[in-house]
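Residue numbers (the working numbering): 25 to 897.
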RNA sequence: GGGGGCAUAGCCCAGUCGGUUAGAGCGCUUGUUUCACAUACAAGAGGUCACAGGUUCGAGUCCUGUUGUCCCCACCA
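Have a look at this one:
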């Protein structure tokens, strides 16, 4: 046996991980003898560093995958990273600017991409190494990157197929534009934050000089692009104005007053200025009324030539100027303070502009329909189910997805345009010349939304579009594990992509977890500086402790707070396991026979019964992804039952000097310990493997061992009950000692009137060891006892302890009275319950019988206690 | 505007098909350096399960409403 240190020290974790890697235990291969179980890792961004969110996400996945592996599945957990188009590009641009004062334009596309790949080489590996420290059992031989050759092939394949089916189109639409990143964004990439601003009221005069109409706006500068004013057709105040023309202030443009339901009668003045080029609603309204679209803001967020004298100004600067000019020229009616939501770029925080621009879009309606059906028909199940609502709400109201990005880092759009005739060709490879006129063709400059490639992740990582064994064996995958904040970005898009491309949903279950918050419930973020570095926690407490602290007390879909106290208590639990194991292992002698004992004693039968129940429950919990419940059960069983009771009960046998008894005890201890190690392994893989290696047969590896099975041959309900009663008795004696101030070390004598003499004679040794009873005298009748005693009454026995001078009659009377009151309250409650005819007739018979038995016990206990009290008076 | 979560011990949270004495952890009180572990052991205190109704033999759990709180979506200028 290896020597084990007194205190658990997690420094062996790296050694264990290397051992697993060397053994290739993480690798999965198509195997027709086994059922596959597949998880696709949500690929972290190459720019990312491991944070607590990753730690939680990967801990959950690893628990599931290790559990399934031990349960006999061919388990594939496929890891990888995401090129994170915009996030990475933003970082590289920042770095170039800071370090060299260079811009993208300075270096050019080719050199920029070289830098990006260099960045990927340098930082893409960083997060992978960090993941390994957590103990993740992914198949690293299949590690993927969204811009790998074959994954890029999948992207092109998907784009071309969508295009040919008419599901991808190019057109002028209003899109979200980030003036800082200088790219289009999808709706999902815009976050809204409330800002304090004003509502400006301006008078637009009628062209014929007769009166004016007042409009209210939050964006005065866009008035330069106004092409109409709209009113509600039902608005009686406005009806006379419809069809009349207005003279747009600061310009010489004449614009109409149009009627449209979009305008809310009660808001503002009831008249809205319409800027089709810079507002999504105005754009739609403009289409309905065939209004001109006049762009006044350019890609940099500056006013363009259509803005007349304001040309070249930044849009915020222009706002000031326009506000000033309108006031000077007498158009201002009033200004009211107003709070409203402003869209910001999810990557850089810049205020997003709505701009009309030519972009590529995915037509969503035809894709959304089958994706909705798949969830409705439970082909894909969300856990917890309430997230289906979020999903439906999004899918049912979805607009077309803008997928082109004016960036360089990403998958270039496989579209070519003819220099001469403008013909568009979408193909997997570059056309040599224009099929129409033979002219030269150039490729679209833009790249695809990074989420376009992530949407294909469940099959692109398995080699699609190449037909191969991995793809047919491991697809569709089993469960996707992710936080709720990414359902729209990723989960929804994987579902429709999988259905469209593979004709099969990408996964049958989506396990949603929450976010890791700080001790005060705040979201951890870099800017707030309240993030905790998981790597530091691993250094201090070990990966096992971090994992267990994240796994315990969590419920699917709910956020969890992380505190240092929590990880400390988990570390303490691991230390407990370490020391319990150390105790077991150091008691194993070379000549001990460790085979399972043929004759079991009462304590054995009790712990085996409890173990079976735990195996059963934990297996059910894990199959239902109830990770927090499973963890709590194991914590409790290991500590409160195995350590606190079974190990203590094994000591008399271990120290008896009887070789056979010693063998028996260590055989049982190692048997239960092994089961515990297996059950805990998914949660704390390192320490369980390490402990197991100290005593397991050579070559036996815990992580690929078999998951414990419920064995009804080792379930003993009668003994379980007897032992529960014995435990109760021991606790009651300890309690009595504490109350009567009996010194800890003092052995007392006890008269015993047992309920089951045979059982108690066997169990008497535990009273001595665990309750400090030095001498047990079995008596049939209390008349045999002459001394003054303190009485403890339980279902297992009456225990009468003479304490000599320490017996204080008054104190004992008080104590007994309290006990009697408790017992009588119980009797009263149960009598009431059982006198309820409806309960007796309608409740399950088993429950009623149980309550009857409880009543009988409580009555007996109360009677005995009263007798004792009587005797003292 | 629409949707959802949460409200349980001093604190932070579990609580599975509704089952009758509501559980951990931390903290608190008391005692213990006992031969696996003081990162420990033993004993204990501490709860009107937000509030009001309802369904049920039985409700922390299901339904309705109220209050408080957090989040997501939409974006009425």
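No residue lacks a Cβ here, since even glycine has one placed at the ideal position from N, Cα and C.
Nearest in C-alpha terms to residue 875, of all of 886, 859 and 889, is 859.
DSSP places residue 78 inside the alpha helix (DSSP H), whose first and last residues are 76-94. The Cβ neighbour count for residue 410, taken over all protein chains shown within 10 Å, is under 16; the residue is labelled exposed. Selection 578, 141, 597 and 582 evaluated against residue 646 yields 578 as nearest (Cα-Cα).
A distance below 9 Å separates the beta carbons of residue 94 and residue 728.
Excluding five sequence positions before and after residue 101, the CB atoms of its chain that fall closer than 7 Å to its own CB belong to 63, 65, 85, 89, 161, 162 and 163, given in chain order. Remark: fewer than three beta-carbon pairs, one from each stretch, lie closer than 8 Å, so the stretch 126-146 and the stretch 445-465 are not flagged as touching.
According to DSSP, residue pairing for residue 104 in a beta bridge involves 168. Our two residues, residue 238 and residue 218, have alpha carbons roughly 26 Å apart in a direct line.
Between the stretch 527-542 and the stretch 496-507, the count of Cβ pairs shorter than 8 Å is three or higher; the stretches touch. In the DSSP secondary-structure assignment, residue 368 is bridged to 215 and 375. In the three-state reduction of the DSSP assignment, residue 439 falls in the strand class, which pools E and B.
Look at the beta carbons and you see the stretch 649-664 not touching the stretch 508-525: under three pairs across the two are nearer than 8 Å. Annotation: the continuous alpha helix (DSSP H) that includes residue 45 extends over 37-47.
With a beta-carbon spacing of about 39 Å, residue 274 and residue 386 fall beyond the 8 Å limit used to define contacts. The Cβ atoms of residue 252 and residue 229 do not sit closer than 9 Å to each other.
Residue 251: not part of any beta strand (DSSP E); DSSP gives it neither H nor E. Per DSSP, the continuous alpha helix (DSSP H) segment holding residue 761 begins and ends at 741-763. Between residue 47 and residue 766, the gap from beta carbon to beta carbon reaches 9 Å or more. Three or more Cβ pairs drawn from the stretch 566-575 and the stretch 587-604 lie within less than 8 Å of each other, which places the two stretches in contact.
In the three-state reduction of the DSSP assignment, residue 73 falls in the coil class.
Between residue 44 and residue 713, the gap from beta carbon to beta carbon is short of 9 Å. The continuous stretches of beta strand (DSSP E) do not include residue 291, and DSSP gives it neither H nor E. Between residue 357 and residue 293, the alpha-carbon positions lie close to 11 Å from each other. The stretch 394-429 is shown to contain whole beta strand (DSSP E) runs of 3 or more residues at 405-407, in chain order. Distance check between residue 558 and each of 68, 57 and 77 places 77 closest, using alpha-carbon atoms only.
Under the three-state reduction of DSSP, residue 65 is assigned to coil, being neither helix nor strand.
Separation of the CB atoms of residue 773 and residue 799 is rounded to 4 Å, and the pair is thereby assigned contact status at 8 Å.
In its chain, beyond the 5 residues on either side, 231, 278 and 280 have a beta carbon closer than 6 Å to the beta carbon of residue 269.
Closest option to residue 536, judged by alpha-carbon separation, among 408, 718, 371 and 151: 408. In the DSSP assignment, residue 200 forms a beta bridge with 209 and 378. If you look at residue 236, you'll find it in the beta strand (DSSP E) that goes 236-241. Collapsing the DSSP output to three states places residue 187 in a helix. Cβ-Cβ separation between residue 106 and residue 68: approximately 7 Å, consistent with a contact (criterion under 8 Å). Excluding residues up to 5 positions away in sequence, 570 and 591 lie with their Cβ nearer than 7 Å to the Cβ of residue 561 in the same chain. In the structure shown, residue 195 falls within a strand segment according to DSSP collapsed to helix, strand and coil.
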